[in-house]
Amino acid sequence: MTASSVAIYKSIGLHVIVAGLLLISVSFSPDPLPSLPTNAPVIEATFIDAQKLASEKRAQAQAEAQARAEEAERQRQAKAAAEKRRQQAIAAKRAREKKAEQEAKLKRQKELERLAAQKEQQRKEREAKAKAEAQRKKKEAAERAEMERIMQEQLAQEQAAQQARRRKQVLTEVERYTALIQQTIKRNLYQDDSFTGKECRLNIKLATTGFVTSIRVLGGNEALCRAAENAVRRAEKLPVSDAADVYEQLKDINLKVEL
C-alpha cells in the first residue's frame, strides 16, 4: 500500500468518525436540535465526501481484490503453464530417452545380426574351403594311386618280361651246362661198341663248386650205366654255373647218357 493510499484511508476514517459522532449526538439529544451554525454546509459537504471516500475505498478495495485475484489467477496459470511445460519437458525427455534406447537396441540388434551373418559366412567359407581341400586331396590321392597302379603294372610287366627273359636265359644256361656235363661224362666214358644205341638215365647232385655229392642210376642199359657212373666219379667235378638261379636247376639234375 502506498503513502497516498494511507493518507486517503486516514482522512476517510476521520470523516466517518465525525459523521458518526454527529449522528449519535442528534439521535440521543432530548433537546431540539439547535440551529445549525453558519458552518453547517461544511459538515454536510464533509459527510458527502466521507461517503464518496468510502465508496471509492470500496471500489478501490474491490479493484485491488480483483487485481489480487487476477494476479493470483495469473500466477496460478503461470504456475500451471510452467508445470505443464515441465511435464512436457519430462515427457519429451523420456520420449527422447526411449527413442534413443530403442535406436540403441535396434543398433545392437543389427550389429548382432551382422556379426551372426559374418560368422555364418565365415563358417560357410571354411566349410567350402575344407570341402575343396578334401576334394583336392582326394583327387591327388586318386591320381597318385592311379600313377602307382600304372607304375606297379608297368613294373610287374617289366619284371614279368625280365623274369621271362631270365627264365629263357636260365633254360638256355641249364641246357648249355647240361650239354657240358654230358660232354664231360662222355669224355671220361670208356668207349665200347656195345654201348651204341644204348642209353642210361642218371640223377646227379652237385655242390656249388661242381663237386659231385651223389650219383644215382635211374634206369637204362646196365653196362652203360656202370660205365657212365664211373665216368662221373673220375671227373669229380662237373661244369656248373655261378648264377644262383641256374645252379638251382643244376644242383639236382636228371640227365640221359647215350651213344
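Sequential numbering of the sequence shown, starting at 52, is according to my numbering.
Note that beta-carbon positions come from the ideal geometry of N, C-alpha and C, so glycine has one too.
Could you check what DSSP says for lysine 249 in three-state terms: helix, strand or coil? By 1-based counting over the sequence shown, the position of residue 249 is 198. Correct three-state label for lysine 249: coil.
What is the rounded straight-line gap between the Cα of glutamine 173 and the Cα of alanine 167? For the purposes of this step, residue 173 is taken as the residue at position 122 of the sequence shown. For the purposes of this step, residue 167 is taken as the residue at position 116 of the sequence shown. If I take the Cα positions, the gap works out to 10 angstroms.
Measuring straight from C-alpha to C-alpha, what distance separates leucine 157 and lysine 182? Taking the sequence shown and counting its residues from 1, the one referred to as residue 157 is at position 106. Taking the sequence shown and counting its residues from 1, the one referred to as residue 182 is at position 131. C-alpha separation (whole angstroms): 36 angstroms.
Let's test the definition: count the other Cβ atoms within 10 Å of the Cβ of glutamine 214 and tell me whether it reaches 16, buried, or not, exposed. The residue labelled residue 214 in the question sits at position 163 within the sequence shown. Exposed.
Alpha-carbon spacing of glutamate 176 relative to alanine 146, whole angstroms: Stepping through the sequence shown from its first residue, residue 176 is reached at position 125. Stepping through the sequence shown from its first residue, residue 146 is reached at position 95. Whole-angstrom Cα-Cα distance: 44 angstroms.
Taking the alpha-carbon positions, what's the glycine 261 to valine 291 distance? Numbered from its first residue, the sequence shown carries residue 261 at position 210. Numbered from its first residue, the sequence shown carries residue 291 at position 240. Answer to the nearest angstrom: the Cα atoms are 5 angstroms apart.
Report the CB separation of threonine 259 from tyrosine 228 in whole angstroms; it is logged as a contact under 8 angstroms. In the sequence shown, the residue the question calls residue 259 occupies position 208. In the sequence shown, the residue the question calls residue 228 occupies position 177. About 13 angstroms separates the two Cβ atoms, so there is no contact after all.
What did DSSP end up calling glutamate 309 once you bin it into helix, strand or coil? Counted from its first residue, the sequence shown places residue 309 at position 258. Reduced to three states, the DSSP call for glutamate 309 is strand.
Continuous alpha helix (DSSP H) stretch holding leucine 275: start and end: Locating residue 275 in the sequence shown gives position 224, where the first residue counts as 1. Where leucine 275 is concerned, the enclosing alpha helix (DSSP H) stretches over 273 to 286.
What do you get for leucine 104, buried or exposed, if any count of 16 or more other CB atoms within 10 angstroms of its CB means buried? Translated into positions along the sequence shown, residue 104 becomes position 53. Result: buried.
Is the distance from the Cβ of glutamate 204 to the Cβ of glutamate 250 below 8 angstroms? Counting from 1 along the sequence shown, the entry for residue 204 is found at position 153. Counting from 1 along the sequence shown, the entry for residue 250 is found at position 199. No; because the gap between Cβ atoms is not below 8 angstroms, this pair is not in contact.
Return the CA-CA distance between cysteine 276 and glutamate 226, expressed in angstroms with no decimal places. Translated into the one-based positions of the sequence shown, residue 276 becomes position 225. Translated into the one-based positions of the sequence shown, residue 226 becomes position 175. Distance between the alpha carbons of cysteine 276 and glutamate 226 is about 21 angstroms.
For glutamate 287, which of Ala294, Arg218, Ala279 has the nearest alpha-carbon? Looking up residue 287 in the sequence shown gives position 236. It is Ala279.
Report buried or exposed for leucine 163, applying the criterion of at least 16 other Cβ atoms within 10 angstroms of its Cβ. As a first step, residue 163 is located in the sequence shown; it is residue number 112 there, counting from the start. Flag for leucine 163 reads exposed.
Could you check where the alpha helix (DSSP H) with tyrosine 241 kicks off and where it finishes? One-based indexing of the sequence shown puts residue 241 at position 190. First-last for tyrosine 241: undefined, no H or E at that position.
Given 8 angstroms, three or more beta-carbon pairs between the segment 267 to 275 and the segment 235 to 252: yes
Decide if leucine 84 is buried, meaning its Cβ has at least 16 other Cβ atoms within 10 Å, or exposed. For the purposes of this step, residue 84 is identified with residue 33 of the sequence shown, where counting begins at 1. For leucine 84, the predicted structure reports a pLDDT of 46, less than 50, and the residue's modelled location is therefore unreliable. A value from the coordinates is still provided. Exposed, by the Cβ-count rule.
Do isoleucine 255 and isoleucine 304 count as a contact pair if the criterion is CB distance below 8 angstroms? As a first step, residue 304 must be located in the sequence shown, where it is residue number 253. As a first step, residue 255 must be located in the sequence shown, where it is residue number 204. Yes, the pair counts as a contact, with Cβ atoms nearer than the cut-off.
Bridge partners of aspartate 100, per DSSP? To locate residue 100, count along the sequence shown from 1; it is residue 49. Beta-bridge pairing links aspartate 100 to no other residue.
Expected contact under 8 angstroms - CB spacing of threonine 264 and leucine 257 to nearest Å: Sequence index remark: in the sequence shown, residue 264 carries index 213 (1-based). Sequence index remark: in the sequence shown, residue 257 carries index 206 (1-based). Correct: roughly 7 angstroms between the Cβ atoms.
Can you grab the Cα-Cα spacing for the pair glutamate 107 / glutamine 117, in whole Å? Reading the sequence shown from its first residue, position 56 is the one you call residue 107. Reading the sequence shown from its first residue, position 66 is the one you call residue 117. One C-alpha to the other measures close to 15 angstroms.
Determine which residues share a DSSP beta bridge with aspartate 293 and list them. By 1-based counting over the sequence shown, the position of residue 293 is 242. Paired residues: none, contrary to the question.
Is lysine 302 helix, strand or coil when you go by DSSP? Indexing the sequence shown from 1 puts residue 302 at position 251. Three-state DSSP puts lysine 302 in coil, outside helix and strand.
Compare the Cα-Cα distances from glutamine 300 to each of Glu154, Gln220, Lys149 and report the closest residue. Taking the first residue of the sequence shown as position 1, residue 300 is located at position 249. Of Glu154, Gln220, Lys149, the residue nearest in Cα terms is Gln220.
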